[in-house]
Each structure stands twice: as structure tokens, then as C-alpha cells.
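Quick notes on the structure that follows.
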Amino acid sequence: MSADIEWQKSSFSGGGGEQCVEVSRQAEEILVRESDDPRVVTRTSRSKFAAFIQGVKAGEFDHFVQ
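When the letters of the sequence shown are read in order and numbered with the working numbering, they come out as residues 74 to 139.
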């Protein structure tokens, strides 16, 4: 991964920076990584990521954290 990628983490992340999901946009792709292992990066399209975010907002994944 290029060092010039600007990663954004959620404002819900803990103050220590551990166990955070970080997201970045590079051209037409969205990059996602976990801060505890930043070498592993998942890539997806902007439209698929938008659908995922809509699902999160709609509560489609709530059963994973309850």
C-alpha cells in the first residue's frame, strides 16, 4: 500500500486507535482495513460500499453484535 493513502477511522473508535476499521477512497475503489493489521486491505467498488453502508443504517447487520 502506498504511504500517501489517507485513512479515515470512525468517530466511534476508541481513543487508543486499536481495533478500528479504517476506510479510504482510491480512484473508483474503496479500501477497508483494520488498524490492528493494516497490511490486510480489502477493496470494493463505491456502489457496493454504499449498499453496505445503507444496510448498516437499516439495521440489517445488528444481529452480529447483539
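Note that the Cβ used here is the ideal one computed from N, Cα and C, for glycine as well.
Between which two residues does the alpha helix (DSSP H) harbouring I126 extend? The residue given as residue 126 occupies position 53 in the sequence shown. Taken as a continuous stretch (DSSP letters only), the alpha helix (DSSP H) holding I126 covers R119 to K130.
Under 7 Å between C-beta atoms of Q92 and D110: As a position in the sequence shown, residue 92 is number 19, starting the count at 1. As a position in the sequence shown, residue 110 is number 37, starting the count at 1. Contact flag unset, no.
Where S84 and V138 are concerned, what is the direct C-alpha to C-alpha distance, given to the nearest angstrom? Working through the sequence shown from its first residue, we reach residue 84 at position 11. Working through the sequence shown from its first residue, we reach residue 138 at position 65. Distance between the alpha carbons of S84 and V138 is about 18 Å.
Going by alpha carbons, who is nearest to R116 out of Q81, S86 and S97? Your numbering for residue 116 matches position 43 in the sequence shown. Checked all of Q81, S86 and S97; the closest Cα to R116 is S97.
Starting from the C-beta of E102, find all residues in its chain whose C-beta is less than 6 Å away, skip the five residues before and the five after it, and write them out in chain order. For the purposes of this step, residue 102 is taken as the residue at position 29 of the sequence shown. Excluding positions up to five away in sequence, the list reads R116.
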